Amino acid sequence: MLPHDQTAPLDPADWEEFRALGKRIVDDMADYMAGLRDRPVWQPVPQDVRDSLAGGLPESGAPMEDVYEEFRATVLPYPRGNIHPRFWGWANGSGIPVAAYADFLASVVNCTLGSGENAAMMVEQQVLAWLKQIMRWPDTGSGVLTSGASMGQIICLAAARQAHTGETDIREQGALLAGTQFTVYGSTETHHSVEKAVELLGIGGRHFRQIPVDGDYRTDVTALRAAIRRDREAGLRPLCVVGNAGTVNTGAVDPLDELLSVARDEDLWFHVDGAFGAFAQLLGTHRPLLAGMNEADSLVFDLHKWLYLPFDISCVLVRQPGALEDAFSSGADYISRTSQGPASYPLAFADRGIEQSRRFRALKAWFALKTHGVGAFADTIKGNIDQTAYLTSLADASDRLETVSRSDLNIVCFRYVWPGATLDELNRVNQGILSRLQVEGLAMPSHTVLDRKFVIRVANNNHRSTEADFDFLVEQVLSAGDDLRVAAR
Ligand SMILES: *Cc1c(COP(=O)(O)O)cnc(C)c1O
Numbered sequence: 004m005l006p007h008d009q010t011a012p013l014d015p016a017d018w019e020e021f022r023a024l025g026k027r028i029v030d031d032m033a034d035y036m037a038g039l040r041d042r043p044v045w046q047p048v049p050q051d052v053r054d055s056l057a058g059g060l061p062e063s064g065a066p067m068e069d070v071y072e073e074f075r076a077t078v079l080p081y082p083r084g085n086i087h088p089r090f091w092g093w094a095n096g097s098g099i100p101v102a103a104y105a106d107f108l109a110s111v112v113n114c115t116l117g118s119g120e121n122a123a124m125m126v127e128q129q130v131l132a133w134l135k136q137i138m139r140w141p142d143t144g145s146g147v148l149t150s151g152a153s154m155g156q157i158i159c160l161a162a163a164r165q166a167h168t169g170e171t172d173i174r175e176q177g178a179l180l181a182g183t184q185f186t187v188y189g190s191t192e193t194h195h196s197v198e199k200a201v202e203l204l205g206i207g208g209r210h211f212r213q214i215p216v217d218g219d220y221r222t223d224v225t226a227l228r229a230a231i232r233r234d235r236e237a238g239l240r241p242l243c244v245v246g247n248a249g250t251v252n253t254g255a256v257d258p259l260d261e262l263l264s265v266a267r268d269e270d271l272w273f274h275v276d277g278a279f280g281a282f283a284q285l286l287g288t289h290r291p292l293l294a295g296m297n298e299a300d301s302l303v304f305d306l307h308k309w310l311y312l313p314f315d316i317s318c319v320l321v322r323q324p325g326a327l328e329d330a331f332s333s334g335a336d337y338i339s340r341t342s343q344g345p346a347s348y349p350l351a352f353a354d355r356g357i358e359q360s361r362r363f364r365a366l367k368a369w370f371a372l373k374t375h376g377v378g379a380f381a382d383t384i385k386g387n388i389d390q391t392a393y394l395t396s397l398a399d400a401s402d403r404l405e406t407v408s409r410s411d412l413n414i415v416c417f418r419y420v421w422p423g424a425t426l427d428e429l430n431r432v433n434q435g436i437l438s439r440l441q442v443e444g445l446a447m448p449s450h451t452v453l454d455r456k457f458v459i460r461v462a463n464n465n466h467r468s469t470e471a472d473f474d475f476l477v478e479q480v481l482s483a484g485d486d487l488r489v490a491a492r
């Protein structure tokens, strides 16, 4: 047994030691971030490191300096790459440094934000108010921060379902007993997380109707109306139209105002997936493109993508106050409200989503927005759009490159081409080019397949990229293509 004035040894025995290591970590990480450009974007994890990272449960402890050294040797040199100035893969953000401090501070105060009266809860409310302002969302709307847009889709579709079952208590009865077969509509370009949400809610993946797109990868509104009509005639219950403010493949923005009209005409919930693209709302030039987004019933967007915050932080906004609580509040005695004190606070984020324990992720948004001001984010986003347009112009100008998809946002898909090449040869060579860029750590676009064409896909959510990085990318694509094309014959 411990002497009564001693705690278990999980706090530092010596706070001076803790302080000294912290200072060293901050020094090292500042150097690391300042030197990102000099390192490869990515490198494979060597076998000895893999072995070390597969080691067993530590039975006894080690000095934290030793553990930190191990981190420096095994984890730090082998990141995913998205912090590097030449990473443009998938839809990842780059992570702004001040937010890393906020994550540290959030762990120190270690608040859980399910409910309760404390400053952390108020920070999340404040951040939500700011995000509503950015998205030109009505003040009266409601929201919650989540881990990612995938979680957000589930929350929003659950709210939609609850709002559209009226008298029937679907939470109590389940969809089967309520006798309601819902259908949900989104384009073939809709992110797979929407279908996952449809599956999880018991609506059934086959009741997610994949509506065809036009030549610019935007939902075909006529086909959408026809699909809704067909389902009604078949006795199904259309629930929700999903619009994309930036598809993950090509950055296409659906005609959101037209989708809104369809939803209003048909009395359906209108949900917008703005995972990265919603932040273009910060730019006056792009607001017409996003018209209708801020009139949706629900919207999701990721602050860890085009607001450059470290993972994970995402936001759900809902138009109808109380809609989230209708879908998620619970009456458990052990979390019921008291008349005063810490448990008396009228707001519970746990009643707006699935999680009860919730980390203080609002703090990094609060810190970043206060430090940089919203204007710096707007400028950086505009910079990313301009860089993407620049890259598109380089591809357009080269007779060895073909722009396969372009967008008003931050995604361009292109490929290396030469006269007389077959589809197969082009696909093989472009896979080879991408692989060389990635494996050699030169640059990290990702890929997709558009109309059977394997394309190099650049999605620019990176606050560190410069125009020169795109010149470099094009040079590397051309030289790899020139090499590989010879071998492709
Ligand atoms: C990234 C993305 C998602 C999924 O979001 P997560 O934050 O990864 O859960 C959904 N839709 C689009 C368009 C995306 O780009």
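In my numbering, the protein residues as written are 4 to 492. Just so it is clear, CB atoms sit at the ideal spot from N, CA and C, and this is done for glycine as well. None of these values were measured; they are calculated from a predicted model.
(message) Please report the straight-line C-alpha distance between V251 and A462, rounded to a whole angstrom.
(response) Taking the straight line joining both Cα atoms gives about 9 Å.
(message) Quick check on the contact list: which residues have their beta carbon closer than 5 Å to a heavy atom of ligand 1?
(response) Chain-ordered list of matching residues: A94, G151, A152, S153, H194, S196, V251, D276, A278 and D305.
(message) Tell me which residue opens and which closes the alpha helix (DSSP H) that H274 is part of.
(response) Premise fails: H274 lies in the beta strand (DSSP E), W272 to D276, not in any alpha helix (DSSP H).
(request) Determine contact between the stretch 360-380 and the stretch 130-140, defined as no fewer than three beta-carbon pairs at a distance below 8 Å. (result) Yes, the stretch 360-380 touches the stretch 130-140.
(message) Let's test the definition: count the other Cβ atoms within 10 Å of the Cβ of L500 and tell me whether it reaches 16, buried, or not, exposed.
(response) Since the first residue of the chain shown is 4 and the last is 492, residue 500 is not available in this structure.
(message) From the DSSP secondary-structure annotation, give me the bridge partner or partners of N247.
(response) Note: N247 sits in a beta bridge opposite D276.
(request) Apply the 10 Å Cβ neighbour rule to N525 and answer buried if 16 or more other Cβ atoms are within range, or exposed otherwise. (result) It is not possible to answer for residue 525, since the shown part of the chain is limited to 4 through 492.
(request) For P448, count neighbouring C-beta atoms within 10 Å of its own C-beta (all shown protein chains included) and say buried if the count is 16 or more, exposed if not. (result) Label assigned to P448: buried.
(request) Would you be able to state if there are at least three C-beta pairs under 8 Å between the stretch 393-402 and the stretch 151-165? (result) Inter-segment contact for the stretch 151-165 and the stretch 393-402 is absent: fewer than three beta-carbon pairs are separated by less than 8 Å.
(request) With G435 as the anchor, note down where its alpha helix (DSSP H) starts and where it stops. (result) L426 to V442 is the extent of the alpha helix (DSSP H) around G435.
(request) Run the CB neighbour count on F380, radius 10 Å, all protein chains shown included, and call it buried at 16 or more, exposed below. (result) Its Cβ being crowded by 16 or more others within 10 Å, F380 is buried.
(request) Entirely within the stretch 125-173 and at least 3 residues each: give me those beta strand (DSSP E) ranges in chain order. (result) Whole beta strand (DSSP E) segments, 3+ residues: 145-149.
(request) Would you mind reading off the limits of the alpha helix (DSSP H) that contains A33? (result) That run of the alpha helix (DSSP H) goes W18 to A37.
(request) Specify the secondary structure class of V70 as computed by DSSP and reduced to three states. (result) In this structure, DSSP gives V70 a helical state, which the three-state scheme calls helix.
(message) Measuring straight from C-alpha to C-alpha, what distance separates G344 and G64?
(response) Between the alpha carbons of G344 and G64 lies a gap of roughly 40 Å.
(request) Look at the alpha carbon of G386 and the alpha carbon of P100, and state the distance between them as a whole number of angstroms. (result) When rounded, the distance between both Cα atoms is 19 Å.
(message) By DSSP's criteria, K456 is part of a beta bridge. Which residues make up the other side?
(response) According to DSSP, K456 bridges with L453.
(request) Mind checking which residues open and close the beta strand (DSSP E) that includes F417? (result) Per DSSP, the continuous beta strand (DSSP E) segment holding F417 begins and ends at I414 to Y419.
(request) Express the C-alpha separation of S342 and V415 in angstroms, rounding to a whole number. (result) Here the alpha carbon of V415 sits roughly 55 Å from the alpha carbon of S342.
(request) Could you tell me whether the Cβ atoms of V256 and A266 are closer together than 9 Å? (result) In this structure, A266 does not lie closer than 9 Å to V256 by Cβ.
(request) Let me know if Y337 comes out buried or exposed under the rule of 16 or more other beta-carbons within 10 Å of its beta-carbon. (result) Y337 is exposed by the Cβ-count criterion.
(message) Based on DSSP bridge pairs, tell me the residues matched to V187.
(response) Note: V187 sits in a beta bridge opposite F211 and C243.
(request) Determine the extent of the alpha helix (DSSP H) in which D472 is found, giving its start and end residues. (result) Per DSSP, D472 belongs to the alpha helix (DSSP H) from E470 to A491.
(request) Kindly indicate the opening and closing residues of the alpha helix (DSSP H) around S396. (result) Its alpha helix (DSSP H) spans residues A365 to A400.
(request) Can you tell me the Cβ-Cβ gap for P215 and A226, rounded? I've got them flagged as a contact below 8 Å. (result) Sure, about 5 Å apart at Cβ, within 8 Å.
(message) Tell me the rounded alpha-carbon separation between Q129 and H274.
(response) In a straight line, the C-alpha of Q129 is about 23 Å away from that of H274.
(request) Tell me whether W140 is buried or exposed, calling it buried when 16 or more other Cβ atoms sit within 10 Å of its Cβ. (result) It counts as buried.
(request) Go ahead and pull the three-state DSSP assignment for L263. (result) When secondary structure is reduced to three states using DSSP, L263 falls in the helix class.
(message) Using a 10 Å radius around the Cβ and a threshold of 16 neighbouring Cβ atoms, would you call V111 buried or exposed?
(response) Result: exposed.
(message) Do C318 and V147 count as a contact pair if the criterion is CB distance below 9 Å?
(response) Yes, these two residues count as a Cβ contact at 9 Å.
(request) Could you name the residues of the same chain whose beta carbon sits closer than 6 Å to that of A166, not counting the 5 residues immediately before and after it, in chain order? (result) Exclusion of the five residues before and after A166 leaves A326 as the residues of its chain whose Cβ lies within less than 6 Å of its Cβ.
(request) Please say whether F475 and L445 have beta carbons closer to each other than 9 Å? (result) Cβ distance < 9 Å, so L445 and F475 count as in contact.
(request) State the DSSP-derived secondary structure class of T253, mapped to helix, strand or coil. (result) In this structure, T253 counts as coil in the three-state DSSP scheme.
(message) For N413, which residues in the same chain have their Cβ closer than 7 Å to its Cβ, ignoring the five residues on either side in sequence?
(response) Answer for N413: G254, N387, I388, T391, A462, N463 and N464, listed in chain order.
(request) Return the chain-ordered list of same chain residues with a C-beta closer than 6 Å to the C-beta of A281, the five sequence neighbours on each side being excluded. (result) Residues of the same chain with a CB within less than 6 Å of the CB of A281, apart from the 5 flanking positions on each side, are A248 and F304 in chain order.
(request) Confirm, please, whether the CB-CB distance from G435 to L487 is below 9 Å. (result) Taking 9 Å as the cut-off, the beta carbon of L487 is found closer than this to the beta carbon of G435.
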